[in-house]
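In what follows, a structure is listed as structure tokens, so that the remarks can point back to it.
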Amino acid sequence: MKDDVENTNVRLQIVLNSAKVGIFEYDVVERKHVYLNTHWSEIFGFEKNYIESNTRDIMAWYENRIHVDDLEKRTRLYEKLLLGKIDEYNLEIRVLNSSDEYKWVKSFSKAVKESEGQSVKKIIHTLVDISNEKEKTFEVEALKNKLKELDTKK
8 MKDDVENTNV RLQIVLNSAK VGIFEYDVVE RKHVYLNTHW SEIFGFEKNY IESNTRDIMA
68 WYENRIHVDD LEKRTRLYEK LLLGKIDEYN LEIRVLNSSD EYKWVKSFSK AVKESEGQSV
128 KKIIHTLVDI SNEKEKTFEV EALKNKLKEL DTKK
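When we follow the working numbering, the leftmost residue of the sequence shown carries the number 8, and every step to the right adds one.
Written as structure tokens, this is what we have:
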């Protein structure tokens, strides 16, 4: 049984590392992070130790790095998550990195409760950098618009 759990953990770690998924676990009651992996901090261009040693409330730090145009939607979803109105949300937002440039990330957050009907105790939050995919999407859209413009000039 112990070997099965260890093997599952190894497989999971390999998948997370290869996909470069950033993971952040937040204790809602204590208002502090419980777990932060290296990929999560790398998305922002910081070392994990730098964030942990220079930031008192990592959730507040993270929220301050969200693009102003994305913050309201994310805040509404996060509040619904805390209130138990939703169990999870998935969102694409821009976050500020250490070079003061915005990166696009796919953000997924899941509420953890001790039992059904209980208040939210923790939030598991994942991030994946999707900047390259977004950039390609924007390029394709720009080319489509140019083609459309050329078509209308004919």
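All residues carry an ideal CB built from backbone N, CA and C; glycine is no exception.
1. Three-state secondary structure (DSSP) at K120?
2. S126: buried (16+ other C-beta within 10 angstroms of its C-beta) or exposed?
3. Using 9 Å as the threshold, is the C-beta distance between Y33 and I93 below it?
4. Going by DSSP in three states, H132 sits in which element: helix, strand or coil?
5. Could you tell me whether the stretch 96-114 touches the stretch 133-140, using the rule of 3 or more Cβ pairs below 8 Å?
6. Which of the three DSSP states, helix, strand or coil, is assigned to H40?
7. Since R72 contacts F51 with CB under 8 Å, what's their CB separation in whole angstroms?
8. What does a CB cutoff of less than 7 Å around K87 pick up in its chain, not counting 5 residues either side in sequence?
9. Compare the beta carbon distance of H132 and K110 with 9 Å and say whether it is the shorter of the two.
10. Can you name, in chain order, every residue of its own chain whose Cβ lies under 6 Å from the Cβ of M66, other than the five neighbours on each side?
Taking the geometry as given:
1. K120 falls in the strand class under three-state DSSP.
2. The residue is exposed, with fewer than 16 neighbouring Cβ atoms inside 10 Å.
3. Cβ distance not < 9 Å, so Y33 and I93 don't count as in contact.
4. Per DSSP, reduced to three states, the secondary structure at H132 is strand.
5. Here the stretch 96-114 lies against the stretch 133-140, with 3 or more beta-carbon pairs under 8 Å apart.
6. Three-state result, H40: strand.
7. Confirmed, Cβ separation roughly 7 Å.
8. Sequence-distant partners of K87 (beyond 5 residues in either direction) whose C-beta falls short of 7 Å from its own C-beta, in its chain, are I93.
9. The Cβ atoms of H132 and K110 do not sit closer than 9 Å to each other.
10. Excluding its 5 nearest sequence neighbours in each direction, M66 has C-beta neighbours in its own chain below 6 Å: Y33, listed in chain order.
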